[in-house]
Amino acid sequence: MTDTLSHAPTSSTSARIVTEIPGPRSKAMHERRVKTVSAGVAATFPIYAASAHDAVIEDVDGNRFIDFTGGIGVMTVGHTNDAVVHAVADQASKVTHTLFAVAGYEPYIEVCELLAKHTPGNFAKKSVLVNSGAEAVENAVKIARKHTGRTEVAVLHHGYHGRTNLTSAMNYNMHPYGTGFGPLAGSVHHAPNSSPFHDGLSGAEAAERTITFLEKRVGASQIACLVVEPIQGEGGFIVPAEGYLQALVDWCHANGIVYVSDEVQSGMARTGAYFASEHFGIEPDLVTSAKGIGGGMPIAAVTGRAEIMDASHPGGLGGTFGGNPVSCAAVVAVFSEVDKRGLLNEAKRVEKTLKPALLDLQAKYPVIADVRGMGAMLAIEFMDPSTGKPAPEVAKAVQTHALHAGVLILTAGTFGNVLRFLPPVVITDDQLLEAVAVMDDALASL
Ligand code: PLZ
56 MTDTLSHAPT
66 SSTSARIVTE
76 IPGPRSKAMH
86 ERRVKTVSAG
96 VAATFPIYAA
106 SAHDAVIEDV
116 DGNRFIDFTG
126 GIGVMTVGHT
136 NDAVVHAVAD
146 QASKVTHTLF
156 AVAGYEPYIE
166 VCELLAKHTP
176 GNFAKKSVLV
186 NSGAEAVENA
196 VKIARKHTGR
206 TEVAVLHHGY
216 HGRTNLTSAM
226 NYNMHPYGTG
236 FGPLAGSVHH
246 APNSSPFHDG
256 LSGAEAAERT
266 ITFLEKRVGA
276 SQIACLVVEP
286 IQGEGGFIVP
296 AEGYLQALVD
306 WCHANGIVYV
316 SDEVQSGMAR
326 TGAYFASEHF
336 GIEPDLVTSA
346 KGIGGGMPIA
356 AVTGRAEIMD
366 ASHPGGLGGT
376 FGGNPVSCAA
386 VVAVFSEVDK
396 RGLLNEAKRV
406 EKTLKPALLD
416 LQAKYPVIAD
426 VRGMGAMLAI
436 EFMDPSTGKP
446 APEVAKAVQT
456 HALHAGVLIL
466 TAGTFGNVLR
476 FLPPVVITDD
486 QLLEAVAVMD
496 DALASL
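Per this note's numbering, the very first residue in the sequence shown carries number 56; after that it's consecutive.
Rendered as structure tokens:
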């Protein structure tokens, strides 16, 4: 046991393992957990966090981990970001809750102003604030249905949109999100996506395949909205072929369909732009955001064309906690941090350091079939070079090896054969390269 619990990690901290993993305190907590926490909640890593700063998490046993997960893409501005912590404490001492629909407060309006300014598209925009990514997607669908008077919802293969009844139906993978939880919401249609590494199609060819499916199976006139992640997150950081998304937007607009960009994972500086849609030159009708916008506080939003966002009658949108003042204060601080500290460029720096290092690993280990992504949203995909089949066991083995060496990495992909890197964009180059060296060791030992 060490005395490090009193010292929070600093930005330059490297990984440090001082106990077996999990350590005795984490083990004891786990024993308490299994008695009262539902087994339905996954436990990816067997450690329990005591403190965190920037890109480092320290567990209750004093082990320090370089964090490539960022709480699944949430901690873009860094753990316990000073500006966020200060804004939260300040707001908590003023007003913590009124329910915006009962008595308003300025931070909610400020957040909607910031989202109107920084989401793609040069037109009048409005927002509604909610609590989670899934709730944002649900609301985007509600709004699109009300606006169009249509019922059907289109999504893409390998997509992920949440765990509520409707969003579970919108996920590509039935397991673990839908299995046994049915009946899931109906009127959801899954169309082929664009995945250049796997399908070899150009953007135009992939768009034709998607559109043909939707026109034949559903009928364009029936579709309220098409919900698309610009870079598919849980699906394995799939970057669509050039021109694909624009072709879908054009088709939606020609057919009165609301195009929804689900930027819950890819949004807010993650890819080196405020929203990843910008990289593809598209202007979605609606954008969902969550994760990174709150700097660790729970908040999410639907933002989009004012005339669509105003489709609902008063009282049709909302909820008790949506746009909580403390969470809103955090969002305002996050936007200010991105601007003041140039965090869009920091995300690009992460790509500039990490991508070549991952390509070097690929040159050394043919089991790495693909290196892809943008900014601080990068991934490697493992395939067995002899069979060409997905190799989830390699992803798992590297993840486990890295955990024991002090690096937290998440898997992704429909087949679980992808490792994804979603670090806080304030992670240092040294920390990035330290983590790559750990993966190198892991692959060498396989
Ligand atoms: N849309 C694109 O990535 C959340 C899920 C992690 P919530 N992705 C991480 C897990 O195992 O629960 C996500 C997303 C996209 C919607 C969501 C849902 O956001 O805030 O988790 O509801």
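For each residue, glycine too, the CB sits at the ideal point set by N, CA and C. Please read these numbers as outputs of a predicted model, since none were measured by experiment.
Would you kindly work out how many angstroms separate the C-alpha atoms of residue i and residue j, rounded to a whole number?
| i | j | result |
| --- | --- | --- |
| D582 | A97 | Lying outside 56 to 501, the shown extent of the chain, residue 582 is not represented and no answer is given. |
| T465 | D425 | Before going further, note that residue 465 is Leu rather than Thr in the sequence given. Rounded to the nearest angstrom, the two C-alpha atoms are 16 Å apart. |
| L487 | T206 | 46 Å |
| N248 | P353 | 30 Å |
| I482 | A355 | 24 Å |
| F292 | E436 | 9 Å |
| K346 | Y420 | 33 Å |
| I76 | P447 | 22 Å |
| P251 | L269 | 20 Å |
| M229 | N220 | 12 Å |
| T234 | S187 | 22 Å |
| F100 | H308 | 44 Å |
| V139 | F390 | 10 Å |
| K395 | N136 | 13 Å |
| G359 | V342 | 6 Å |
| G322 | P175 | 11 Å |
| H213 | P445 | 15 Å |
Secondary structure at residue i, three-state DSSP: helix, strand or coil?
| i | result |
| --- | --- |
| K149 | coil |
| Y329 | coil |
| L154 | coil |
| G125 | helix |
| A97 | coil |
| S66 | coil |
| P380 | helix |
| A259 | helix |
| Q320 | coil |
| V405 | helix |
| G428 | strand |
| K82 | helix |
| L363 | The amino acid occupying residue 363 in the given sequence is Ile; Leu does not appear at that position. Of the three classes helix, strand and coil, the one that applies to I363 here is helix, per DSSP. |
| M494 | helix |
| R272 | helix |
| T483 | coil |
| K346 | helix |
| A224 | helix |
| D109 | strand |
Apart from the five residues just before and just after residue i, which ones in its own chain have a Cβ nearer than 6 Å to its Cβ?
| i | result |
| --- | --- |
| Q417 | I423, V426 |
| D122 | A110, I112, L463 |
| T326 | M429, G430, M432 |
| V393 | A324 |
| A171 | K180 |
| S223 | Y232, G233, L239 |
| I72 | N118, G461 |
| S106 | A63, E113 |
| A412 | V491 |
Between residue i and the ligand PLZ, is there a pair consisting of the residue's CB and a ligand heavy atom that are separated by less than 6 Å?
| i | result |
| --- | --- |
| Q320 | yes |
| H216 | yes |
| I464 | no |
| E284 | yes |
| I127 | yes |
| G359 | no |
| L430 | Reading off the sequence, residue 430 comes out as Gly, not Leu. G430 Cβ: outside cutoff for every heavy atom of the ligand PLZ. |
| G311 | no |
| S223 | no |
| A302 | no |
| S187 | yes |
| A195 | no |
| G347 | no |
| D122 | no |
| D116 | no |
| D317 | yes |
| G288 | yes |
Could you pull out every residue in the same chain whose Cβ sits closer than 7 Å to the Cβ of residue i, ignoring the five residues on either side in sequence?
| i | result |
| --- | --- |
| S382 | G349, M352, P353, I354 |
| A499 | none |
| L474 | A434, I435, A450, V453, Q454, I464, T466 |
| L501 | V449, A452 |
With a CB to CB cut of under 8 Å and the five nearest residues on each side skipped, what residues in its chain are close to residue i?
| i | result |
| --- | --- |
| A517 | Outside the displayed span of the chain (56 to 501) sits residue 517, for which this structure offers no information. |
| S367 | K197, I198, K201 |
If you pair each beta-carbon of the region 351 to 367 with each one of the region 144 to 162, do three or more pairs fall below 8 Å? With the cut-off at 8 Å, the region 351 to 367 and the region 144 to 162 do not touch.
Does the contact criterion of 3 or more C-beta pairs under 8 Å hold for the region 376 to 384 versus the region 181 to 194? Three or more beta-carbon pairs drawn from the region 376 to 384 and the region 181 to 194 are found closer than 8 Å, and the two stretches are therefore classed as touching.
Is the region 279 to 290 touching the region 315 to 331, taking contact as three or more C-beta pairs under 8 Å? Touching, per the Cβ criterion.
Any contact between the region 265 to 284 and the region 184 to 202? By contact I mean 3 or more CB pairs, one from each, below 8 Å. Contact between the region 265 to 284 and the region 184 to 202 is present: 3 or more CB-CB pairs across the two stretches fall below 8 Å.
Mind the definition here: the region 165 to 172 touches the region 383 to 402 only if three or more C-beta pairs lie below 8 Å; say whether that holds. By the criterion of at least three beta-carbon pairs nearer than 8 Å, the region 165 to 172 is in contact with the region 383 to 402.
So does the region 294 to 304 actually touch the region 259 to 268, counting three or more Cβ pairs closer than 8 Å? Judged by Cβ distances under 8 Å, the region 294 to 304 makes contact with the region 259 to 268, as three or more pairs qualify.
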